[in-house]
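For the sequence shown, UniProt numbering begins at 1 and goes up steadily by one. Just so it is clear, CB atoms sit at the ideal spot from N, CA and C, and this is done for glycine as well. It should be emphasised that the depicted structure is a prediction, and the values quoted were computed from it without experimental measurement. Below is one structure, written out as structure tokens; comments come after it.
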Amino acid sequence: EVFGLHANADITCARKETMELFATVLSLQPRAAGSTGDSSDTLVASLAADIEGKIPAAFDVNGTMRSYPTDYLESMNTVLVQELVRFNRLITAVRASLGNIK
1 EVFGLHANAD
11 ITCARKETME
21 LFATVLSLQP
31 RAAGSTGDSS
41 DTLVASLAAD
51 IEGKIPAAFD
61 VNGTMRSYPT
71 DYLESMNTVL
81 VQELVRFNRL
91 ITAVRASLGN
101 IK
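Put into structure tokens, the structure is as follows:
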């Protein structure tokens, strides 16, 4: 909803982007022996490095908690902190996966 999308539209958009990413990675697989150009491993490593460069840094959860403290009247502050913690875990997992690919 941050980008003005309904939750289902956001899921559909994320699935589409994932499928496009997988299609790109699969297109890098060799189709026949003796092809010219870079090897598929080099291309995949290059793509992984490019994606890794676009991943944002982890969010400062403690700073966010100071700026938006937990308050009974501001329940979204709690949700914000919880989502930042989850997103930081996701960023860590994606970075680890990309490191394994390289």
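| Check | Outcome |
| --- | --- |
| Phe87 - containing alpha helix (DSSP H), residue span | Ser75 to Ile101 |
| Three CB pairs or more closer than 8 Å across the stretch 37–55 and the stretch 77–87 | no |
| C-alpha gap between residue 115 and Ile11, whole angstroms | What the structure shows of the chain is the stretch from 1 to 102, and residue 115 is not part of that stretch, so it cannot be assessed. |
| Among Tyr72, Val61 and Asp41, the one whose alpha carbon lies nearest that of residue 172 | This structure gives no information on residue 172, because the portion of the chain shown stretches from 1 to 102. |
| Close-in-space but distant-in-sequence residues of the same chain around Ala45 (CB under 8 Å, 5 per side omitted) | Ile101 and Lys102 |
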